[in-house]
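**Q**
Protein chains: 2
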Amino acid sequence: MADVNPVLLDEQLCFSIYSASKKFNHFYQSALAPFGLTYPQYIAMLVLWEKAPLTVHQLGERLELDSGTLTPLLKRLEKQGWVSRVRSQTDERQVLIHLTEMATTKRDEVYSRIGQCQTLLGMTSDEIDSMMTELVTVKEQLDTVSHQRLIAKEVDKTN
Amino acid sequence: MADVNPVLLDEQLCFSIYSASKKFNHFYQSALAPFGLTYPQYIAMLVLWEKAPLTVHQLGERLELDSGTLTPLLKRLEKQGWVSRVRSQTDERQVLIHLTEMATTKRDEVYSRIGQCQTLLGMTSDEIDSMMTELVTVKEQLDTVSHQRLIAKEVDKTN
DNA sequence: TTTCAGAGTATTGTATACAATTAAATTGTC
DNA sequence: GACAATTTAATTGTATACAATACTCTGAAA
Chain A
483 MADVNPVLLD
493 EQLCFSIYSA
503 SKKFNHFYQS
513 ALAPFGLTYP
523 QYIAMLVLWE
533 KAPLTVHQLG
543 ERLELDSGTL
553 TPLLKRLEKQ
563 GWVSRVRSQT
573 DERQVLIHLT
583 EMATTKRDEV
593 YSRIGQCQTL
603 LGMTSDEIDS
613 MMTELVTVKE
623 QLDTVSHQRL
633 IAKEVDKTN
Chain B
483 MADVNPVLLD
493 EQLCFSIYSA
503 SKKFNHFYQS
513 ALAPFGLTYP
523 QYIAMLVLWE
533 KAPLTVHQLG
543 ERLELDSGTL
553 TPLLKRLEKQ
563 GWVSRVRSQT
573 DERQVLIHLT
583 EMATTKRDEV
593 YSRIGQCQTL
603 LGMTSDEIDS
613 MMTELVTVKE
623 QLDTVSHQRL
633 IAKEVDKTN
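Respectively, the protein sequence lines represent chains A and B. Heads up: the first sequence begins at 483 in the numbering used here, then just goes up one per residue. Heads up: the second sequence begins at 483 in the numbering used here, then just goes up one per residue.
1. Mind checking B/Asp590: buried by the 16 CB within 10 Å criterion, or exposed?
2. Taking only beta-carbon atoms, is B/Leu514 less than 8 Å away from chain A?
3. Could you tell me whether the Cβ atoms of A/Thr582 and A/Val568 are closer together than 8 Å?
4. Between the Cα of A/Leu555 and those of A/Leu490, A/Glu609, A/Ile525, spot the shortest distance and give me the residue it belongs to.
5. I want to see whether chain A comes within less than 8 Å of B/Ala502, judged by CB atoms only; does it?
6. Mind checking the region 525-546 of chain A against chain B and listing, in chain order, the residues whose C-beta falls within less than 7 Å of any C-beta there?
7. Just to confirm, are B/Phe517 and B/Val592 a CB contact at a threshold of 8 Å?
8. Applying a beta-carbon distance threshold of less than 7 Å, which residues of chain B neighbour A/Leu491?
9. Classify B/Asp625: buried if its beta carbon has 16 or more other beta carbons within 10 angstroms, exposed otherwise.
10. Going by DSSP, name the residue or residues bridged to B/Arg575.
11. Please name the residue in B/Leu491, B/Ala585, B/Gln540, B/Phe506 whose C-alpha comes closest to that of B/Met527.
12. Helix or strand or just coil, what does DSSP make of A/Leu545?
13. By DSSP, does B/Ser570 sit in helix, in strand, or in coil?
14. To the nearest angstrom, how far is the alpha carbon of A/Trp531 from that of A/Ser549?
15. Which of the three DSSP states, helix, strand or coil, is assigned to B/Thr537?
16. For A/Ser549 and chain B, any beta-carbon pair shorter than 8 Å?
17. Roughly how many angstroms separate the alpha carbons of A/Val637 and A/Val627, rounded to a whole number?
18. Where DSSP assigns a beta bridge to B/His580, which residues make up the other side?
19. So is B/Glu591 in contact with chain A if we call contact Cβ pairs under 8 Å?
20. Helix, strand or coil for B/Thr463, going by three-state DSSP, please let me know.
21. Whole angstroms is fine: what's the gap from B/Leu495's alpha carbon to B/Thr587's?
22. Anything in chain B within Cβ reach of A/Ser594, meaning under 7 Å, just list it in chain order.
23. Hey, B/Ser570 and B/Leu578: beta-carbon distance below 8 Å or not?
24. Which term fits A/Lys561, buried or exposed, when burial requires 16 or more other beta carbons within 10 angstroms of its beta carbon?
25. So what does DSSP say about A/Leu617, is it helix, strand or coil?
26. Quick one: is A/Val565 near chain B, going by C-beta distance under 8 Å?
27. Does the beta carbon of B/Lys621 come closer than 8 Å to any beta carbon on chain A?
28. Output the distance between the C-alpha atoms of A/Tyr510 and A/Gln540, rounded to the nearest integer angstrom.
Okay, structure coming up:
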């Protein structure tokens, strides 16, 4: 019974994060409604505004998403006029994602819209910082466990 | 320029939460692979193990999910033999979700499996507690903002 | 009793996610 | 240069999420 509580705590933390993530999603969706951007589309644009063009793979590394998610997402962004997808001349495996003129023009508008909606979440910078540090710890731990499980699988195969 | 940093911090926190949520999801999916349960299916089972039967609505309140998500999820759980969906006799609008015998039998197995995989995330109980408290703050703040936006919409309509 | 507003669930349509596979291009190696 | 291994995107299939809508049932008011 002694080790039941921590397990429950972990589960509660997991659910809190899961729930907060959904709420953030909803918040951004509604804040960005005038632009028709979803949260994943928005963070893709953020990365591109910072440094475009990028290949699908490079974008995926930053966003931790694979082509299975990004290809359709980018097609939607293209359809809505935010980006253009151009097969690279030098390496035809790659597709370069460029910003359109509209995207460049609207960047400040989008930023300002987000700025208006930002509430700083009722937290100080220090609190946010410490929370992010803790989240990094959690993520690293989860990666470690996943990695251990991968190794365990390999060992399994040898039997 | 002075208020740019906090906005970026908020965004980074949002992304950290988004990313951690995905990692947790992956962790549970892989831990529960022997049972074929996903994370959302698992938390549905957790609630049901605690107190079944429940209506779709009651389950949705606990999980913060609506019937659009739950109906297909519960159909899959039913197909895999975890639950049965029974239209209520006393109020035919409601569908009661019951545990199957298999679900009752496998409960401890699932718990033990999760227990084995639990790593306590490299955090103390106090750290987890404080993190959850901060997440609650974040979620409340996001709810407040959403609520304000709803009110703003109402005001819009009157013009 | 009839009607009707609201409750509860299901359905439809859109947008992620991600595992697994496919297809095309490039690189490395002989 | 031929060819196997690798890389990069796209595709396919499954599972969430959620808004909007439809449909059925219930309870209350007229």
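For glycine and all other residues, C-beta sits at the position ideal for the given N, C-alpha and C.
**A** Reading off the structure:
1. B/Asp590 is exposed by the Cβ-count criterion.
2. no
3. Cβ distance not < 8 Å, so A/Thr582 and A/Val568 don't count as in contact.
4. For A/Leu555, the nearest C-alpha among the options comes from A/Ile525.
5. yes
6. Ile525, Glu546
7. Yes.
8. Ser607, Ile610
9. exposed
10. Answer is none; B/Arg575 lacks a bridge partner.
11. B/Ala585
12. helix
13. coil
14. 20 Å
15. strand
16. no
17. Residue placement at A/Val637 is poorly supported in this model, since its pLDDT is 47, which falls under 50; the coordinates still yield a value, given next. Approximately 15 Å between the Cα atoms of the pair.
18. B/Ser566
19. no
20. Lying before the first or after the last residue shown, residue 463 of chain B is absent from chain B, which here runs from 483 to 641.
21. 40 Å
22. Result: empty, since nearest Cβ-Cβ is about 10 Å, beyond 7 Å.
23. Yes, they are a contact pair.
24. exposed
25. helix
26. The beta carbon of A/Val565 does not come within 8 Å of any beta carbon belonging to chain B, so the residue lies off that interface.
27. yes
28. 24 Å
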